[in-house]
Structures are given as structure tokens and as C-alpha cells.
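In the numbering used here, the protein residues as written are 26 to 317.
Where is the CB? At the ideal position from N, CA and C, for every residue including glycine.
Data first, discussion second: the structure below is written as C-alpha cells.
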Ligand SMILES: NC(=O)c1ccc[n+]([C@@H]2O[C@H](COP(=O)([O-])OP(=O)(O)OC[C@H]3O[C@@H](n4cnc5c(N)ncnc54)[C@H](OP(=O)(O)O)[C@@H]3O)[C@@H](O)[C@H]2O)c1
């Protein structure tokens, strides 16, 4: 009997146990009848990352594609043979393609995934005022793509609990991208949410149901989009308050889907067909409600 071992794909990070990516990608492999499996690869620290990345170069390694999540999206850059120009500008990768010569190429699909989801939400960013919470890895990707848009927001006000992290992030992004429309503010009130067209939460505040919200709920209004990158819980307290105020609201499940579909496209070197994308999205929606 002929048995061809499956090609391996997966996600590296710490932690990865909560990830919905296996559900989405394994659903796509099944739909496309591809002999491949997507696995979780928890890596304890940068030493484990180094060993894993060195092993990836071995000729008989069956891994051909990876997602990268916190805290390694920047660390992993040191191990790549080449970096896609957008990922290079953003300064972080979340997708790796390993070819048959075991050359590793890095991409960033978080930023484009976010923009694709905003487009689906019919959110026109041109000349809009954006208020953004957080200065971590997700903020890096989102700020970068917002600043790169040819018809992007007029202003992005950025608030982070630890102000210096926001300053460092902006300085870093600013090395490769014009960030003059971004302003770091000292206090959350200085975001002027009541005047914003779009409020984006990229912090982890809201992950726990008991979490409060960072902005004054009274500042939320019906003429804005409130976007929370968190997708579990499906409705954070921020989104619940914004919905009550009549705002358009969205969680980050769409962003997760689009970044995944784009990553899969890099692995397969093609754009996924609509039917497979629908299967991926449905699998995510089911898993996010019922748990994977
Ligand atoms: N939808 C998607 O596709 C998608 C993709 C990636 C991530 N995410 C979600 O995005 C969130 C952030 O991920 P990340 O990778 O950007 O994390 P990260 O790099 O660790 O950054 C976390 C951010 O949250 C802030 N923060 C944490 N606890 C806070 C608190 N109690 N009060 C105020 N600010 C607080 C941090 O501020 P300090 O600088 O002060 O510490 C920092 O700005 C997570 O919930 C993650 O699940 C969603």
C-alpha cells in the first residue's frame, strides 16, 4: 500500500492552544482534498524558536508553511531568507512559506486582512478620523497599513497604557513608513472619541468578560464604526456599549479569517476560490461559538 505522509503546516507562538487557525486551515485542506495537516507548535522561548527555525531548514522537514503569533512576529525575521516588501515595511511577519529548497520567506497578512475586513464592512477610510487603542503587535500591523493606504485616514490618534511603548512603536514604524498623520496622546480622553469616525481596540482589554472598557462610553456615538480585534468573546464590553449607542460594530473574526485566507494563498501560491473561503469562514464562526 502506498502511503504519502501529509505535508505539515501550523502555527508557532506562545501560547497557541487557543488558536482557531487549525480549524480554518484544516477545513480548507479537507475541502480541497489536499494531503496536509495544520498543527499547533507551542514554543516556550526564543531559544526554542531558534532550534525550531534551524530545524525548518533541514531537507527532510515536512513543514511547508507556518503562521507566527505572539510573541515571535518580530523575532522570526532573523531566520528568514527573504521578506515580502510589505512585511519588511511593517517590521513583523505572521506567515512563512518554506519552499522545496527549504528557503523561508516571510509575509504579513494581518495588516491586509484588517483592510479586507474593513472593505467588507463598507468602511471608507479616506479622510476619516481614527482613534486607536494599544501599541502592541496588532497595532503595528494596523497602523502600518492605514498609513500606507493611498486614500487613508486624515488622522490617527493613538493611546496606549504605557505611553513610551506607543512612542517606540511609532518611531520604529516611522523608519520605513510615513507616520505624520499619527499622533500619540497622553490620556485616553485626548483620543476625542466623540469626534472619531472609527475607534479600533487593539489591546487585550475585553478578552475577559469582567474587563471594563478603556474609553468613556458616553463618547461613543451612532456615526462611528467601533472595531475590536478581539473575537472571543464575540462581543466585548466595548462593542456592547457601542452597539447600544447605535454605532456600527465589529469584532476581529473577519480579520482573522482574511489573514488566514491570505496566508493559505501564499502557501498554495494562488488565490483561494470563493467556495473554499466560505468553508473556512463558516468553520471559524462555528468554532468561535462552540469552541474548537
Ligand atoms: N482578529 C485578529 O485577527 C487578531 C490578530 C492578532 C491579535 N488579535 C488580538 O489582539 C489583541 C492584542 O494582541 P497583540 O498581539 O497586539 O498583543 P500585544 O503585542 O501583547 O499588545 C497588547 C496591547 O494591549 C495593551 N494592554 C494589555 N493589557 C492592558 C490593560 N489592562 N489596560 C490597557 N492596555 C492593556 C498593551 O499595553 P502596554 O504597552 O501598556 O502593555 C499593548 O498595547 C489580543 O486580544 C489578540 O487576541 C486579534
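- Nearest to residue 235 by alpha-carbon distance, out of 166, 258 and 37, is 258.
- Short note on residue 229: C-beta closer than 6 Å to some heavy atom of ligand 1.
- Annotated as distal: residue 292 and residue 95, with beta-carbon spacing of 7 Å or more.
- For residue 175, there is no enclosing beta strand (DSSP E), as DSSP gives it neither H nor E.
- Approximately 14 Å separates the beta-carbon atoms of residue 191 and residue 172; this is outside 8 Å, ruling out the contact.
- Less than 7 Å separates the beta-carbon of residue 150 from that of residue 177.
- Only exposed fits residue 60, as fewer than 16 other CB atoms lie within 10 angstroms of its CB.
- Spanning the alpha carbons of residue 120 and residue 244 requires a straight line of approximately 37 Å.
- Around the beta carbon of residue 158, 16 or more other beta carbons sit within 10 angstroms, so the residue counts as buried.
- Here the segment 35 to 42 does not lie against the segment 299 to 310, with fewer than 3 beta-carbon pairs under 8 Å apart.
- According to DSSP, residue pairing for residue 67 in a beta bridge involves 38.
- Between residue 160 and residue 185, the C-beta spacing is below 7 Å.
- The straight-line gap separating the alpha-carbon atoms of residue 256 and residue 288 is approximately 19 Å.
- Looking at the DSSP output, residue 131 sits in a beta bridge with 108 and 121.
- Separation of the CB atoms of residue 209 and residue 224 is rounded to 16 Å, and the pair is thereby denied contact status at 8 Å.
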